[in-house]
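Worksheet: one structure, shown below.
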Amino acid sequence: MSTSSSSSHHVPLECTDAIYSIFLPAESADQDMGCGIEPNSAYLNVYWDHVRKMKFWGFVQGMVNVQSLYDGTDYALKGIKEAYHFRIKVADVVPVSRDIRIENIHWVIELSPKSGWTPNWFAGCIAAVSFGSVVISLLMMWLLVVMEIQKAVADSECLWRDSGLPVKSTSRAL
Numbered sequence: 000m001s002t003s004s005s006s007s008h009h010v011p012l013e014c015t016d017a018i019y020s021i022f023l024p025a026e027s028a029d030q031d032m033g034c035g036i037e038p039n040s041a042y043l044n045v046y047w048d049h050v051r052k053m054k055f056w057g058f059v060q061g062m063v064n065v066q067s068l069y070d071g072t073d074y075a076l077k078g079i080k081e082a083y084h085f086r087i088k089v090a091d092v093v094p095v096s097r098d099i100r101i102e103n104i105h106w107v108i109e110l111s112p113k114s115g116w117t118p119n120w121f122a123g124c125i126a127a128v129s130f131g132s133v134v135i136s137l138l139m140m141w142l143l144v145v146m147e148i149q150k151a152v153a154d155s156e157c158l159w160r161d162s163g164l165p166v167k168s169t170s171r172a173l
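See below:
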């Protein structure tokens, strides 16, 4: 996999593959899908989706030349390009869109930043807030421990006074 530098658009991969699992509707887990053989029964729960009543049929894999697909030069797209308008967009980034109607023409303008809607400093901000929360939690825990120690020292001095035994005058620093 290499980075393309020939186009003015940034396409991260020249080729990629896509693998999809295919599940078909089935009456029961025992249905053999016309094959006459059944996969290993030990794995039957993997092949059968009892909620949707679907059974695993197999995989489909395909190789896609992303650069030619993105540029619209893919052989399979030639017929589509001549008859249809099409676009390819990044699924992760939801664009801001605006419909424009002029008489009988309907246009849609979509805009999204190349780097996405999340600013570059967002991850650092999350890390700083998380670190700050941990520091504040540790300080609060230290404060509670110190308060408990002070309370225990004060209680022990009261016990000495109440017992009638002589109390030594000492200064304690925490």
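Per numbering that gives the first Met the number 0: the sequence shown = residues 0 to 173.
Glycine included, C-beta positions come from ideal geometry on N, C-alpha and C.
What span of residues does the beta strand (DSSP E) with residue i cover, start to end?
i: Lys54; result: Met53 to Asn64
i: Ser17; result: The question names Ser, but residue 17 is Ala in the sequence shown. Looking at the DSSP string, the run of the beta strand (DSSP E) that includes Ala17 is Cys14 to Pro24.
i: Glu109; result: Ile104 to Leu110
i: Asp98; result: Val95 to Ile101
What number of angstroms, rounded off, separates the C-alpha of residue i from the C-alpha of residue j?
i: Trp56; j: Asp73; result: 30 Å
i: Leu137; j: Cys124; result: 20 Å
i: Val152; j: Phe130; result: 33 Å
i: Tyr46; j: Asp91; result: 30 Å
i: Arg86; j: Glu102; result: 23 Å
i: Val144; j: Ile135; result: 14 Å
i: Gly78; j: Ala25; result: 36 Å
i: Ala238; j: Ala126; result: Summary: the structure shown does not reach residue 238, with the chain confined to residues 0 through 173, and so no result is reported for it.
i: Thr15; j: Glu81; result: 26 Å
Closest to residue i by CA distance: which of the options is it?
i: Pro112; options: Ala151, Val93, Gln60 and Ala75; result: Val93
i: Ser96; options: Leu110, His84 and Cys14; result: Leu110
i: Ala17; options: Met62, Gln66 and Glu156; result: Met62
i: Asp70; options: Trp141, Glu13 and Lys52; result: Glu13
Looking only at its own chain, which residues have a Cβ that is under 8 Å from the Cβ of residue i, when we skip the five neighbours before and after it?
i: Ile21; result: Phe55, Trp56, Gly57, Phe58 and Val59
i: His105; result: Asp98 and Ile99
i: His49; result: Ala28
Give the range of the alpha helix (DSSP H) segment to which residue i is assigned.
i: Ala82; result: Lys77 to Ala82
Apart from the five residues on each side of it in sequence, which residues of its chain come closer than 7 Å, Cβ to Cβ, to residue i?
i: Gln30; result: Lys54
With a threshold of 6 Å on Cβ separation, who are the neighbours of residue i within its own chain once the five nearest residues in sequence on each side are excluded?
i: Thr117; result: none
i: Tyr19; result: Val59
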